[in-house]
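Chains as they are written, first to last, in the working numbering: chain L, 138 to 672; chain U, -1 to 337. The beta carbon of each residue, even a glycine, is placed where N, CA and C say it ideally should be.
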Amino acid sequence: MLYISRWKAAAILLTAFICCLFAVPNFFPEKTVQRWPAWAQRHIVLGLDLQGGSHILLQVDTNDVRRQKLQALQDDVRKLLREARVGLTRAPVIRGNSVEVVVRDSDVQQALTKLRDLSQPLGGFLGSSGQRSVDIENAGGGLIRLTVSEPAIVERTRQVVDQSVEIIGRRVNALGLVEPSIQRQGVDRVLVQVPGLGNPEELIKVIGTTAKLTFRLVDTSMSVEQALQGRPPPESEIVYGSKAENRVPYLLEKRVIVSGEELTDAQPGFDQRTGEPIVSFKFNTSGARKFAQVTQENVGRAFAIVLDEEVISAPVIREPILGGSGQISGSFTVESANNLAILLRAGALPAKLTVIEQRVVGAGLGQDSIEKGKMASYFGAALVVVFMVMTYGLFGVFASIAVGINVGMIFGVLSLLNATLTLPGIIGIVLTIGIAVDSNVLIYERIREEVRTGRTPITAIDAGFTRALATILDSNITTFIAAAVLFFIGTGPVRGFAVTLGIGIVTTVFTAFTLTRLIVAWWVRWARPRQLAIS
Amino acid sequence: MGEVGAAAAAGNFIGEADVRLHPSLPLMRIVPDDTKFDFMRFRRISFPASALLSIMAILLFFFHGLNFGIDFIGGTLIEVQSKSGPADLAQMRSTLGGLGLGDIQLQQFGGPENVLIRVAQQPGGEEAQQAALAKVRQALGTGVEIRREEVVGPRVSKELLAYSTIGLMLAIFAILIYLWFRFEWQFALGAMIANVHDLVLTIGYMSLTQIDFDLSSIAALLTILGYSLNDTVVIYDRIREMLRRYKRMSMPDLLNISVNSTLSRSIITHVTVTLALLALLFFGGHAIHSFVATMIFGVVLVGTYTSVFIAAPILIYLGVAGGRVEAEDLVATQRSART
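If you want it as structure tokens, here you go:
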């Protein structure tokens, strides 16, 4: 055990040295590190709890996805049957999870053949999964029921999340935030992490707003009061004004003239006459054409600009708008005009997103935590070193050297993995310092016992290492299992604890098996001890 | 230890120098050599005592409950710092109480200017939580700096609770399997009883002190599980070795020798871990206070006691018998003992 070949010794030292070397970039300012080669730039990322920042978890509203999917299906059914000239006894309606349509008995077969086009096979892992996007059922009596299948909803939800990640990314970038991270989580969630942000409220407003913009005509066939009391015309609906518009009800046509997807640009600005904040926009060619046509035909009528089911402005068309650009003015503040412009440029979210978890740490608290964590680490390390030296003398110094290198390696591995260091992560490192010396204690105590059974120092040391290493491995694996479990169930800061604890265990076992042995072996060769004074 | 009489008598030295390290500074001897403390006799006290404490802990858990944090029951947590001197808790309480958001708890945190505000989960799903946060923020006004705010909706809190429970079970199960492979089943079972006992007592402690029970508490529990097993495994390793070496020895004697011979290591290791934890407790700040306090209780107070007074003696009852190892095994151990 005590004989370690030159090559092995070199390999051990080199491994430890390289591991520690990876920790170096953390001690230099970022500007300096940026000039280094890419492989040397890896460094530890401070968790949001240490540098301050926002962690926001959003979930796609699956009901919204389902509703959209059903509405699209309803439109498709209507269109398809009209094109095929199938006689309808009852127009398609949405009922629960299905679209139901009643056709003339004589046309049932023809309708079924046509409607089958709507049902596409869903892609599975290996080609077709055998499932289809829509299940079509002939319920008899001319009633045909089309049900959107669950896998189709899941697939759509996945698409929605992917699109949302992209759109939120554009929005967050437009806010000018540094190093935001936007990721899909699970099937239906988006995790947004933004370091060092002062105003989480604004961030949530910007990422959580659907921003579905539509331009629709105001229905003047009856007054709003009549519609509220009675029943609005089938092609129209009541939409309320925004808070700034005092929630005034409007009767609007359901038909959309132009929607936000046809915008090519939106910019915040000021009205030249009144000086109030506005958002000016530009349509693309097809949007501009449609808008021009409708405004030409409807001079004198009002149209409404609707954002997320709220009327933000309802101007009267004084003259046809042919240029394809216009402006929205609706009691904006400079900030809200700016935000709306960002939202319109980035595009609407494909479905509603809800914030289900939000954790924000101010930069001040983060800095405090770093200071306290440092303080606790220094004190913890100092106490352990003093105690070890008092207990084991020179061997205590060996142990302290091993622990020092151990901590260096932990930082190195963390940097190499670009891992996140959190406050609980710091606890993990301090705990590792306390626990890492355990491997030395196990070895030393074992050596002492072997000496007492009458062995010479060298055979005692040899036997001590041999026996203790098995125990060290056994006892560390149990802790490693706990750390691994914690890594999988934990989120954010707690996961940081699992990471440092786990890495700490690996480096501890490494140093116990190699470095400590190497140091002791060298010492034995140099001192040729006749007696051992461990303790 | 110093001189090694027996070794010197055995002779056979390679070098000549008589190396004494720190001749002037006597090293600490925490446990005297050849300690022969009869730990096994204490099982008649430790077993009933542990059983009683465990029952009390379970009763506490069911009747006193845990002080669940927002991670597990949802709600809003806001840490604020008054910009002008000590925070006026009474005034804050009346302002926030008037918002109609149900139960609002305020607590001085760290210093007189820091206040921790807890708002119970609002009925009405995920969006209601956001609305409540906005109201509180507005009511707090500009006189305070918001240092931290956490909102956990009903969905996430339910998931976290489920994952944490499953995670704890999974960890216990995985460790059980590992020990079963590494030792015999009696050892695995003994270690598991000992460590479930640790967890139960720690949960009792958390209930008694009403420490915040959140995700970091789960981290603490898992760490306690890992470390107190670490201790148990060290003793079990020794017991297994002794079982091979001394075939005819009675079980209690054999366990006593094993515990005594690892005692020094156990104590030294626990001192170093305690030192590290105490540094965290005193200098780590309030954010990690309950996390560290729980760990000190679990690792230092319970873990150490358990491995010596529960995990080892329980093997007597689990049918680990001395003197049943094959003769060739004996030869093998003797050979390995000589090398």
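- Between L195/L and I415/L, the C-beta spacing is not below 9 angstroms.
- If you look at F440/L, you'll find it in the beta strand (DSSP E) that goes F440 to L444.
- Residue pairing by DSSP places D402/L opposite K419/L in a beta bridge.
- Residues are counted here when their Cβ sits less than 8 angstroms from a Cβ of chain U; for the region 476 to 501 of chain L these are T491, V492, I493, E494, Q495, R496, V497, V498, G499 and G501, given in chain order.
- L354/L is not a Cβ neighbour of V297/L, given a cutoff of 9 angstroms.
- Using a Cβ distance threshold of 9 angstroms, A485/L and L350/L count as a contacting pair.
- Residue nearest to E338/L within the set F171/U, E148/U and G188/U is E148/U (criterion: CA-CA distance).
- Shown here is that no member of the region 438 to 457 of chain L has a Cβ falling below 7 angstroms from a Cβ of chain U.
- Taken through DSSP and simplified to helix, strand or coil, D210/U comes out as strand.
- Taking 7 angstroms as the Cβ-Cβ cut-off, the region 251 to 267 of chain U approaches chain L at S259, S262, R263, I266 and T267, given in chain order.
- Between Q119/U and P152/U, the CB-CB gap stays under 9 angstroms.
- Nearest Cα to H287/U within the set P561/L, D212/L, V395/L and F625/L: P561/L.
- The shortest CA-to-CA distance from T603/L to any of F617/L, L623/L and N577/L is the one to N577/L.
- Listed by position along chain U, the residues whose Cβ is nearer than 7 angstroms to that of G510/L are G282.
- If you keep only unbroken beta strand (DSSP E) runs of at least 3 residues inside the region 297 to 342 of chain L, you get 318 to 322 and 326 to 332.
- Contact fails between the region 190 to 199 of chain U and the region 101 to 120 of chain U, because fewer than three Cβ pairs, one in each stretch, are under 8 angstroms apart.
- Take A474/L, set aside five residues on each side of it, and the residues of its chain with a beta-carbon closer than 7 angstroms to its own are P405, P414, I415 and V416, in chain order.
- Within chain U, no C-beta atom comes nearer than 9 angstroms to that of G323/L; the closest sits roughly 10 angstroms away.
- Sixteen is the threshold: when 16 or more other Cβ atoms of the shown chains lie within 10 Å of the Cβ of Y176/U, as they do, the residue is buried.
- In the structure shown, the three-state DSSP call for V453/L is strand.
- Where R146/U is concerned, the enclosing beta strand (DSSP E) starts and stops at V142 to V150.
- Closest by C-alpha distance to D213/L, out of R253/L, L388/L and G467/L, is R253/L.
- Of all residues in the region 195 to 220 of chain U, only L213, S214, I216, A217 and L220 come within less than 8 angstroms of chain L when Cβ atoms are compared, listed by chain position.
- Against chain L, the CB of D36/U has no partner CB under 9 angstroms away; the residue lies outside that interface.
- Cα atoms of K489/L and I68/U: separation of roughly 25 angstroms, rounded to the nearest angstrom.
- Annotation: T33/U has no Cβ neighbours in chain L at a cutoff of 9 angstroms; minimum Cβ distance is about 12 angstroms.
- Sequence-distant partners of P369/L (beyond 5 residues in either direction) whose C-beta falls short of 7 angstroms from its own C-beta, in its chain, are I375 and L388.
- As the crow flies, the alpha-carbon of R238/U is around 30 angstroms from that of L623/L.
- The Cβ atoms of E124/U and T491/L sit closer than 9 angstroms to each other.
- By the 16-neighbour rule on beta-carbons within 10 angstroms, Y203/U is buried.
- A132/U has its alpha-carbon roughly 25 angstroms from the corresponding atom of G83/U.
- Under DSSP, R232/L shares a beta bridge with S235/L.
- Within chain L, no C-beta atom comes less than 7 angstroms from the C-beta of N65/U; the nearest is roughly 18 angstroms away.
- For D210/U, the CB contacts under 7 angstroms within the same chain, skipping 5 residues up- and downstream, are N65, G67 and S288 in chain order.
- Within the region 187 to 256 of chain L, the alpha helix (DSSP H) runs of at least 4 residues that lie entirely inside it are, in chain order, 199 to 220 and 245 to 252.
- Within the model, the alpha-carbon separation for A218/U versus G565/L is close to 11 angstroms.
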